[in-house]
Amino acid sequence: MDQRNTMVRVRHLNLYYGNTQALSDIVLDVPERSVTALIGPSGCGKSTFLRTLNRMNDLIDGVTIEGEVRIGGVDIYKDDVDVDMLRKSVGMVFQAPNPFPKSIFGNIAYGPRIHGIRQKRELEHIVEKSLRDVGLWEEVKDRLDDSATGLSGGQQQRLCIARSLAVNPDVLLMDEPTSALDPISTAKIEELVQQLKEQYTIIIVTHNMQQAARISDRTAFFLNGELIEYNDTATLFSNPDNPRTEDYISGRFG
Ligand SMILES: Nc1ncnc2c1ncn2[C@@H]1O[C@H](COP(=O)(O)OP(=O)(O)OP(=O)(O)O)[C@@H](O)[C@H]1O
Numbered sequence: 001m002d003q004r005n006t007m008v009r010v011r012h013l014n015l016y017y018g019n020t021q022a023l024s025d026i027v028l029d030v031p032e033r034s035v036t037a038l039i040g041p042s043g044c045g046k047s048t049f050l051r052t053l054n055r056m057n058d059l060i061d062g063v064t065i066e067g068e069v070r071i072g073g074v075d076i077y078k079d080d081v082d083v084d085m086l087r088k089s090v091g092m093v094f095q096a097p098n099p100f101p102k103s104i105f106g107n108i109a110y111g112p113r114i115h116g117i118r119q120k121r122e123l124e125h126i127v128e129k130s131l132r133d134v135g136l137w138e139e140v141k142d143r144l145d146d147s148a149t150g151l152s153g154g155q156q157q158r159l160c161i162a163r164s165l166a167v168n169p170d171v172l173l174m175d176e177p178t179s180a181l182d183p184i185s186t187a188k189i190e191e192l193v194q195q196l197k198e199q200y201t202i203i204i205v206t207h208n209m210q211q212a213a214r215i216s217d218r219t220a221f222f223l224n225g226e227l228i229e230y231n232d233t234a235t236l237f238s239n240p241d242n243p244r245t246e247d248y249i250s251g252r253f254g
């Protein structure tokens, strides 16, 4: 691997929905300040895996998880882990933009307020910085009190990214963040991901192999709940080790 520290370290991770195993013996290390793409056919476990990284699967009844996940060195499945703090350090952005039915300001200030920031000036500073980080400040600075739901889909998705950034995470999980967006909005998010990796560790599920090839440093190929191949993106797409990876990226299935 490269010289950077490992931000996410997964060892022998198994996940079951009831009796059905959805992830089998996943082992992977994600370096800090990089973009990792998760690819594979529908139902192979990409979203399930992503959700194990901030314990979103805890919310689903009947889920059993074995193995170890460390984020920034912390074993996130230990009993004494504060799940709210974990989700602060591991933010998540979903397929369809999901702004709260609040103002633009209120959306971004929501997380910092929950974590105890009350001073208006500090909140204003965080809101401006977060919106600047996603390239939205100039577009919305004169209407911060307007409802976030009045923004375009692409703007809403950048707002949701800004909302995650406002609580200063280490890791940003993105589950097909552009699948509901038009090509121009998609290009903006892809550009943004490239900028954000200077500060954050980004893990992104995508159905779009061109997108994975464009924006990720490393790619993980999943099939039937197994991690088949995990390599730097250029190698995985040009010279895969595993014949099943080759079949998938050359469009033979999926
Ligand atoms: N809440 C759940 N309860 C039971 N089974 C589930 C649940 N969520 C996912 N599964 C199953 O786990 C497997 C992996 O699903 P997952 O959504 O992680 O795949 P995916 O690769 O993200 O798929 P897609 O690309 O279609 O989003 C599938 O067989 C799915 O049906």
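First residue of the sequence shown? That's 1 in full-length UniProt numbering, and the numbers climb one at a time after it.
For each residue, glycine too, the CB sits at the ideal point set by N, CA and C.
Since the model is a prediction, treat every value here as computed from it, not as a measurement.
What do you get for residue i, buried or exposed, if any count of 16 or more other CB atoms within 10 angstroms of its CB means buried?
| i | result |
| --- | --- |
| valine 27 | exposed |
| glutamine 156 | buried |
| serine 130 | buried |
| glutamine 211 | buried |
| methionine 85 | exposed |
| leucine 15 | buried |
| lysine 46 | buried |
| leucine 59 | exposed |
| glutamate 229 | buried |
| threonine 235 | exposed |
| glycine 91 | buried |
Determine the DSSP secondary structure at residue i, reduced to helix, strand or coil.
| i | result |
| --- | --- |
| proline 99 | coil |
| asparagine 242 | coil |
| tyrosine 77 | coil |
| asparagine 107 | helix |
| alanine 162 | helix |
| serine 179 | coil |
| serine 152 | coil |
| valine 127 | helix |
| valine 134 | coil |
Residues whose Cβ lies closer than 5 angstroms to any heavy atom of ligand 1, in chain order: Near ligand 1, meaning a beta-carbon closer than 5 angstroms to one of its heavy atoms, we find Tyr17, Ala22, Ser42, Gly43, Cys44, Gly45, Lys46, Ser47, Thr48, Ile60.
Complete runs of the beta strand (DSSP E) confined to the segment 196–242 [at least 3 residues]: Entirely contained in the segment 196–242, the beta strand (DSSP E) runs reaching 3 residues are, in chain order, 201–205, 218–223, 226–232.
Continuous beta strand (DSSP E) assignments of at least 3 residues falling wholly in the segment 20–97: Those beta strand (DSSP E) runs which fall completely within the segment 20–97 and span 3+ residues are 20–31, 35–39, 63–71, 90–93.
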